[in-house]
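Q:
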Amino acid sequence: MAEAQEASRNAPSETNLVIDAMTRLRPGDVVFVPGHRTKGRVAVLTPARGKGVGGLLLPVVTDDGRRLQLRVKDFPVPPRRVAHIKLPTPFEPQQQRFLRAAGQLVRDLDVEEPDDVRDYRPKWQGGRSRSQRRSPLDRLAAKHPVAACPDAPQHVRALARAERLERDLANQRRQRRNDDASLGRQLDRVLHVLEQLGFVQDWSLTESGERLSRIYHECDLLIADCLGQALLDGLDPPDLAGLVSVFTFESRNADAIGLPPGSALNARIAEIEVRHAHVNALEKRAHLPLTRAIDAGFADAARSWARGDALAEVLEGGLPGGDFVRNIKQLVDLLRQIAIVASDRHTRTIAASAADALFRGVVAASTGVSAAASGA
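In our numbering, the protein residues as written are 146 to 521.
1. Below 8 Å on the Cβ atoms is my guess for Leu215 versus Val227; work out the distance and round it to an integer in Å.
2. Measuring alpha carbon to alpha carbon, tell me which residue in Glu159, Phe392, Gln341 is nearest Tyr361.
3. Taking the CB atoms as reference points, tell me whether Leu433 and Leu342 lie closer together than 8 Å.
4. Return the chain-ordered list of same chain residues with a C-beta closer than 7 Å to the C-beta of Gly271, the five sequence neighbours on each side being excluded.
5. Terminal residues of the continuous beta strand (DSSP E) containing Val470?
6. Relative to the C-alpha of Asn231, which residue among Pro223, Phe243, Leu357, Arg212 is closest?
7. Please determine if the region 440-449 and the region 339-355 are in contact, where contact requires at least 3 C-beta pairs separated by less than 8 Å.
8. List the whole-angstrom C-beta distance separating Leu372 from Ala487, where the pair is believed to meet the contact cut-off of C-beta under 8 Å.
9. Between which two residues does the beta strand (DSSP E) holding Phe177 run?
10. Nearest to Val178 by alpha carbon, out of Gly200, Gly199, Lys218?
11. Give a yes or no on whether the C-beta atoms belonging to Leu525 and Leu367 are separated by under 8 Å.
12. Using the Cα positions of Glu461 and His491, report the straight-line distance between them to the nearest angstrom.
13. Hey, Ser408 and Asp440 are a contact pair by Cβ (cut 8 Å); roughly how many whole angstroms apart?
14. From what residue to what residue does the beta strand (DSSP E) around Thr168 run?
15. With distances taken Cα to Cα, identify the nearest neighbour of Asp478 among Leu410, Val508, Val459.
16. Quick one: using the 10 Å Cβ neighbour count with 16 as the cut-off for buried, is Gln277 buried or exposed?
17. According to DSSP, simplified to helix, strand and coil, what is Val256?
18. Return the CA-CA distance between Leu357 and Val459, expressed in angstroms with no decimal places.
19. Taking the DSSP output, what are the residues bridged to Arg212?
20. Short of 6 Å in beta carbon distance, which residues of its chain neighbour Val163, apart from the five on each side in sequence? Order them along the chain.
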């Protein structure tokens, strides 16, 4: 099977075979050419001239005395000499008298048309239809010893199936190699960003890296970086709740109300934005997904709720009650993580207090309803 495949790959194309055969023909050689132009046998007048599929021309005379210039496309199969005539003298291929005499010599020949040419006759000349024609490969296969095997069709189908499976397997292996290479490159890019931010050193996690590994949030890289920069330290529970909400909240519209001008948290938020820009720059250079932007649109509401303000006051900004509860729950979850991973003990205590202060009223009640519903 391998030898047959190798032979198939190395075999010249049918077009190249036609070109080679045309250039080998000499004046007086007689060949059969199916088609409306030639109507059968022709004699070569002069050697083929020109090059390539479109430029090679073979001057011939038909058996009815017409002079033609045959191109590669006129030969469905390579032309094969079936006879040879001595062209009339003097050699005057431009004269009709010469062409009639040469045509008569061609017409008087008693030669049989080759099978491969007969396959390509027009149907009105007794040729086979396109679906009935046998390709050169089919004719070659018919002469092969395997053609006599009664189970040959099953063997051919099995071979085709085996070759298809081999191709599929090769494609899967190639895809696997590409995936492995792509994964390796992405790992190198991630590692470079982690090293730049101080989370990894010499293939080992630093203290900041250990902290990062315990944060489960889409902004984990930025949150761990801000913890390392002490941007969440030194705040009371309401202010920490408002500040941390910039990581959890995403405005649904551009009119979300943030902190009022002059708020003490605005300076911290500005510093976090600087760190976010730094993280994004590293991610962009490494062609990695970018950490989403922070959003201070919920900071005032979170701080008010942690301070103990009534729900009606907190919702004066226009935030729907359902969105408020959902955002508070997400904020509580992140604060509880910070209460575990923050390196500063005071910050851990404040984060736990902020989470407890937020988890009250409608938020706690909705959690109980959700738990009861899931238990049912």
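Glycine included, C-beta positions come from ideal geometry on N, C-alpha and C.
A: Looking at the coordinates:
1. By one-based count along the sequence shown, residue 215 stands at place 70. By one-based count along the sequence shown, residue 227 stands at place 82. At roughly 16 Å, the Cβ-Cβ gap does not stay under 8 Å, so Leu215 and Val227 are not in contact.
2. Taking the sequence shown and counting its residues from 1, one reaches residue 361 at position 216. Nearest of Glu159, Phe392, Gln341 to Tyr361, Cα basis: Phe392.
3. Residue 433 sits at position 288 when you count from the first residue of the sequence shown. Residue 342 sits at position 197 when you count from the first residue of the sequence shown. No.
4. Reading the sequence shown from its first residue, position 126 is the one you call residue 271. Caution applies to Gly271, whose pLDDT of 46 falls short of 50 and renders its modelled position unreliable; the model cannot decide the point.
5. Along the sequence shown, one-based indexing puts residue 470 at 325. No beta strand (DSSP E) holds Val470; the alpha helix (DSSP H) holding it covers 466-486.
6. Here residue 231 refers to the residue found at position 86 when the sequence shown is read from its first residue. Per the sequence presented here, residue 231 reads as Lys, with Asn not at that position. The option with the nearest alpha carbon to Lys231 is Phe243.
7. no
8. For the purposes of this step, residue 372 is taken as residue 227 along the sequence shown, with counting starting at 1. For the purposes of this step, residue 487 is taken as residue 342 along the sequence shown, with counting starting at 1. Their Cβ separation, rounded to whole angstroms, is 6 Å, which keeps Leu372 and Ala487 in contact under 8 Å.
9. If you number the sequence shown from 1, residue 177 lands on position 32. Residues 174-178.
10. Stepping through the sequence shown from its first residue, residue 178 is reached at position 33. It is Lys218.
11. No information on residue 525 is available, as it lies outside the stretch 146 to 521 that the chain covers here.
12. Translated into positions along the sequence shown, residue 461 becomes position 316. Translated into positions along the sequence shown, residue 491 becomes position 346. Note on geometry: alpha-carbon atoms of Glu461 and His491 lie some 32 Å from one another.
13. As a working mapping, residue 408 is identified with position 263 in the sequence shown. As a working mapping, residue 440 is identified with position 295 in the sequence shown. So it is not a contact: roughly 15 Å between Cβ atoms.
14. Here the question's residue 168 lines up with position 23 in the sequence shown. No beta strand (DSSP E) holds Thr168; the alpha helix (DSSP H) holding it covers 159-169.
15. Position 333 of the sequence shown, counted from the start, is the residue given in the question as residue 478. In this structure, Val508 is the residue among Leu410, Val508, Val459 with its C-alpha nearest to the C-alpha of Asp478.
16. Your numbering for residue 277 matches position 132 in the sequence shown. A caution first: Gln277 carries a pLDDT of 47, below 50, which makes its placement in the model too unreliable to give a value.
17. Numbered from 1 along the sequence shown, position 111 holds the residue referred to as residue 256. It is coil, neither helix nor strand.
18. For this step, residue 357 is matched to residue 212 along the sequence shown. For this step, residue 459 is matched to residue 314 along the sequence shown. Between Leu357 and Val459, the C-alpha separation is close to 32 Å.
19. The count along the sequence shown starts at 1 and reaches residue 212 at position 67. In the DSSP assignment, the residues bridged to Arg212 are Val206.
20. As a first step, residue 163 is located in the sequence shown; it is residue number 18 there, counting from the start. Only Val217, Phe220, Pro223 meet the Cβ criterion.
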